Structures are given as structure tokens and as C-alpha cells.
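Take the sequence shown: its letters are residues 18 to 312, numbered as in the numbering used here.
These notes are about the structure you will find just below.
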Amino acid sequence: MELIQDSPRMPLVSVKGVPLLKYFAEALEQLKDFQAWPDDVLISTYPKSGTTWVSEILDMIYQGGDVEKCQRAPIFLRVPFLEFKAPGIPSGIETLKEIPPPRLLKTHLPLSLVPHSLLDHKVKIIYVARNAKDVAVSYFNFYKMAKVHPDPGAWEDFLEEFMTGQVSYGSWYQHVLEWWELRKRYPVLYLFYEDMKKDPKREIQKITEFVGRPLPDDILHRIIQQTSFKKMKENPMTNYSTVPVEIMDHSISPFMRKGTTGDWKNTFTVAQNERFDADYEEKMAGSDLHFCTDF
Ligand code: PPS
């Protein structure tokens, strides 16, 4: 593990045309030898789409709803983040070595960069998608507080970079579409953040069925309570408050920021919204993947 030094914001680097944090690009080299196990479950998302929420739900399911067991470590140590690497924190690869099967794994990688072994073994994948406008706003605030990112600059500049796929992990549009298509050939449960907000019980039941771990109603209810935004915001094992301040500065914007749908309306101008909608129509044309943005 590298020591934390002054961690200046660094420009993104391109890996096969995908912009990535320099540290994560380095980790990809080490991920080449990654071997999936048949009972792995991969949580895949574009950043800021509900990854931490679904990770906590899954760990709770795997621990049979035992709250104490889910307090055993911060979420990024219970659910290794495959491509993660940053000074002062164990990398995803290092964390993996400590995890016994059955493993829950997290990635934000687009399909072209996902370790092959996961697809070769047809591991179960839970993909969570969130509407582009709320993702863009959440990502902008995350760029500001997670100092491993380049400086996001002004909102209007960041929005432009988001629309043109020049942010870390590249194009939101390509990401949500390619994993949507993958579900036709692979065991992918495709979930929406907006559905989870609307009816968490129904969505959690979809997950328990998908991973073959049905739970009685009282435990389901406990999981819903325990993974509410309010609970996860207070919980040091889910709110990322254990990450060194040089990496994440919650005083700039907390990781658990708002946890709502439709917050984009507080940030987009009318003109930005119109431009975004027109561009969105073009990029998503021909797809049957639909999101809800009117709340
Ligand atoms: S990351 O860094 O990409 O892994 O972030 P990710 O966990 O995908 O997304 C962070 C956003 O999800 C919100 N969040 C939640 N919303 C509702 N309920 C729960 N339990 C929950 N947990 C996390 C979090 O607040 C971020 O969204 P914003 O809009 O910024 O608040």
C-alpha cells in the first residue's frame, strides 16, 4: 500500500479510449490475472448510481439480515472495488485476497475493460442505473469532494464533459446501454435507482430471488430500514467517513449527499436542460432503455 502524501488532483488517463483516474488505470494492469469464482456476484454501475446502496443491501442479504455482522468493516472492504487504488487505502486487489467466498464485487468499468474471467464464468451481475441528470449532479459534487479526481471546474463545464464522455469512466450513455444489451446474453439483473426509491421492498425481493437467497418478511423489513438513506448516512461503515480526508473531504460535499430523485432540478438551468434533452434523444435513439426524470 502506498503512503498518503499530498494527493494532488491528477488528469485522467485514457485506457482503450476510456478516461480513468491514473491510479485506477494502474490497477487494471494487476486485474488482468483476476480469476472469477462461480459464486461471485458482481455489482456493476456507472458512478453515482446507487452502488453503495445496493452493496449494503447485498451484504445484508448475505449476512441473513444480521446488522452486527454488517458492521464488521467499511463497505469498500466488505465488497471489494475491483479497480480501486489510492494512496493510504488497500487496493481492490489487496482487499480481494482477504475475502472468503461467496464474494460480492463492485466495478464501474465499461464492458470493454471488465476482467474477462467474470464474463467467461457467467457470474451473476447486478447492474444499477440512475437517470443521467441526477448522476451528472451527484458526480459533479463527488468530483469536488473526492480529490483523486481532476478539478471539475464550473458546473456548466463539467456538464459538457459529462455529455461528451470526458469524465472518469467515460460515457454514461454507452455504459447504461451496453450493460442493458448484455442482459440478453448473460445473467444480469438490471435495476433502477428510481425504482429502489419508489418501492424498495419489491426491488430487494428481486435481488433475493436473483441470488437465490429468499428471506422472510421481518428480515426484509429490517434490511429496508437499515439501508435507508438516513441510516446509511449515519453509519460509518457505509458513509465513507473512514476514508482519509486527503482522499475524500466530506466538508466539501458529503458522500451521502441527498439520496433523492430529481435533485437535478436544483442545478440545471432551463437552457442546460433543453440542450441536455436534445443531445440525450440523439444518443439514446433506437434503444428501449427508458429512465424516469420527472418526479
Ligand atoms: S460511487 O462513488 O459511484 O460508488 O457512488 P454510488 O454509491 O454509486 O452513488 C452515490 C449516490 O447514491 C446515494 N445513496 C443513496 N440514495 C438513497 N438511499 C440510500 N440508501 C443511498 N446510499 C447512497 C448517495 O447519496 C449519492 O447520491 P447523491 O444524489 O449525490 O446524494
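Just so it is clear, CB atoms sit at the ideal spot from N, CA and C, and this is done for glycine as well.
All values reported here derive from a predicted model rather than from experimental measurement.
Answer yes if the region 243–259 comes into contact with the region 278–290, meaning at least three C-beta pairs across the two stretches below 8 Å, and no otherwise.
Counting Cβ pairs under 8 Å, fewer than three are found: no touch.
Looking at the secondary structure, which residues open and close the beta strand (DSSP E) in which Thr62 lies?
Position 45 of the sequence shown holds residue 62. For Thr62, the enclosing beta strand (DSSP E) stretches over residues 58–62.
Determine contact between the region 100–111 and the region 134–141, defined as no fewer than three beta-carbon pairs at a distance below 8 Å.
Result no; under three Cβ-Cβ pairs closer than 8 Å.
Rounded C-alpha distance that separates Glu299 from Tyr190:
Counting from one through the sequence shown, the residue named residue 299 turns up at place 282. Counting from one through the sequence shown, the residue named residue 190 turns up at place 173. Looking at the two C-alpha atoms, the distance is approximately 10 Å.
If Asn158 and Thr310 are in contact, beta carbons under 8 Å, what's the gap, nearest whole angstrom?
Within the sequence shown, the letter at position 141 stands for residue 158. Within the sequence shown, the letter at position 293 stands for residue 310. About 18 Å separates the beta carbon of Asn158 from that of Thr310, a gap too long to meet the 8 Å contact definition.
Paired residues, beta bridge with Pro36 - DSSP:
As a working mapping, residue 36 is identified with position 19 in the sequence shown. Answer by DSSP bridge pairing, in chain order: Ser31.
Heavy atom of the ligand PPS within 6 Å of Phe209 beta-carbon
Start at 1 with the first residue of the sequence shown, and residue 209 comes out as number 192. Checking every heavy atom of the ligand PPS against the Cβ of Phe209, none is found closer than 6 Å.
Pick out the complete alpha helix (DSSP H) segments inside the region 207–275, 4 residues or longer, and give them in chain order.
Runs of the alpha helix (DSSP H) inside the region 207–275: 210–215, 217–227, 234–243, 246–251.
Compute the distance between the beta-carbons of Met180 and Ile269, then report whether it is under 7 Å.
Counted from its first residue, the sequence shown places residue 180 at position 163. Counted from its first residue, the sequence shown places residue 269 at position 252. The Cβ-Cβ distance between Met180 and Ile269 does not fall below 7 Å.
Please list the terminal residues of the continuous beta strand (DSSP E) segment that includes Tyr144.
Stepping through the sequence shown from its first residue, residue 144 is reached at position 127. 141–146 is the span of the beta strand (DSSP E), which, as asked, contains Tyr144.
Give the single residue among Lys114, Lys150, Pro97 whose Cα lies nearest to the Cα of Glu211.
Mapped onto the sequence shown, residue 211 falls at position 194. Checked all of Lys114, Lys150, Pro97; the closest Cα to Glu211 is Lys150.
Output the distance between the C-alpha atoms of Glu85 and Met77, rounded to the nearest integer angstrom.
Reading the sequence shown from its first residue, position 68 is the one you call residue 85. Reading the sequence shown from its first residue, position 60 is the one you call residue 77. Approximately 10 Å between the Cα atoms of the pair.
Would you kindly check if the distance between the Cβ of Lys33 and the Cβ of Ser326 is under 7 Å?
Within the shown structure, residues of the chain are numbered from 18 to 312, placing residue 326 beyond reach of any answer.
Spatial neighbours of Pro36 in its chain, beta-carbon cut-off 8 Å, leaving aside the 5 residues before and after
Within the sequence shown, the letter at position 19 stands for residue 36. Same-chain partners within the cutoff: Leu29, Val30, Gly182, Gln183, Val184, Ser185, Tyr186, Gly187.
For His192, which residues in the same chain have their Cβ closer than 6 Å to its Cβ, ignoring the five residues on either side in sequence?
Mapped onto the sequence shown, residue 192 falls at position 175. Excluding residues within five positions, the ones whose Cβ falls inside 6 Å are Tyr63, Pro127.
Using three-state DSSP, classify Lys11 as helix, strand or coil.
The displayed coordinates of the chain run from 18 to 312. Any statement about residue 11 would go beyond what the structure contains.
May I have the straight-line CA-CA distance separating Arg219 from Met213, to the nearest angstrom?
Start at 1 with the first residue of the sequence shown, and residue 219 comes out as number 202. Start at 1 with the first residue of the sequence shown, and residue 213 comes out as number 196. Between Arg219 and Met213, the C-alpha separation is close to 8 Å.
Flag Arg274 as yes when its Cβ comes closer than 6 Å to any non-hydrogen atom of the ligand PPS, and as no otherwise.
Numbered from its first residue, the sequence shown carries residue 274 at position 257. Within the cutoff, so yes.
Whole-Å CB distance - Ser66 paired with Val154, under 8 Å assumed
The count along the sequence shown starts at 1 and reaches residue 66 at position 49. The count along the sequence shown starts at 1 and reaches residue 154 at position 137. So it is not a contact: roughly 12 Å between Cβ atoms.
Report the residue from Lys164, Ile143, Ser304 whose alpha carbon sits nearest the alpha carbon of Pro104.
In the sequence shown, counting from the first residue as 1, residue 104 sits at position 87. When each option's Cα is compared against that of Pro104, the closest is Lys164.
Let me know the secondary structure DSSP gives Val205 once reduced to three states.
Start at 1 with the first residue of the sequence shown, and residue 205 comes out as number 188. In this structure, Val205 counts as strand in the three-state DSSP scheme.
The alpha helix (DSSP H) spanning Lys300 covers which residue range?
Counting from one through the sequence shown, the residue named residue 300 turns up at place 283. Note, Lys300: alpha helix (DSSP H), 287–301.
Quick one: grab the DSSP three-state call for Phe41.
Along the sequence shown, one-based indexing puts residue 41 at 24. If DSSP states are grouped into helix, strand and coil, Phe41 belongs with the helices.
Does the beta carbon of Leu136 sit closer than 7 Å to a beta carbon anywhere in chain D?
The structure shown contains no chain D; it holds only a single protein chain.
For Gly229 and Leu59, I'd like the C-alpha separation in whole angstroms.
Here residue 229 refers to the residue found at position 212 of the sequence shown. Here residue 59 refers to the residue found at position 42 of the sequence shown. Approximately 15 Å between the Cα atoms of the pair.
At which residues does the alpha helix (DSSP H) containing Ile116 begin and terminate?
Counted from its first residue, the sequence shown places residue 116 at position 99. Counted as a single uninterrupted DSSP element, the stretch harbouring Ile116 is not any alpha helix (DSSP H), since DSSP gives it neither H nor E.
Please find out if some non-hydrogen atom of the ligand PPS comes closer than 6 Å to the beta-carbon of Phe246.
In the sequence shown, the residue the question calls residue 246 occupies position 229. In this structure, Phe246 has its beta carbon less than 6 Å from a heavy atom of the ligand PPS.
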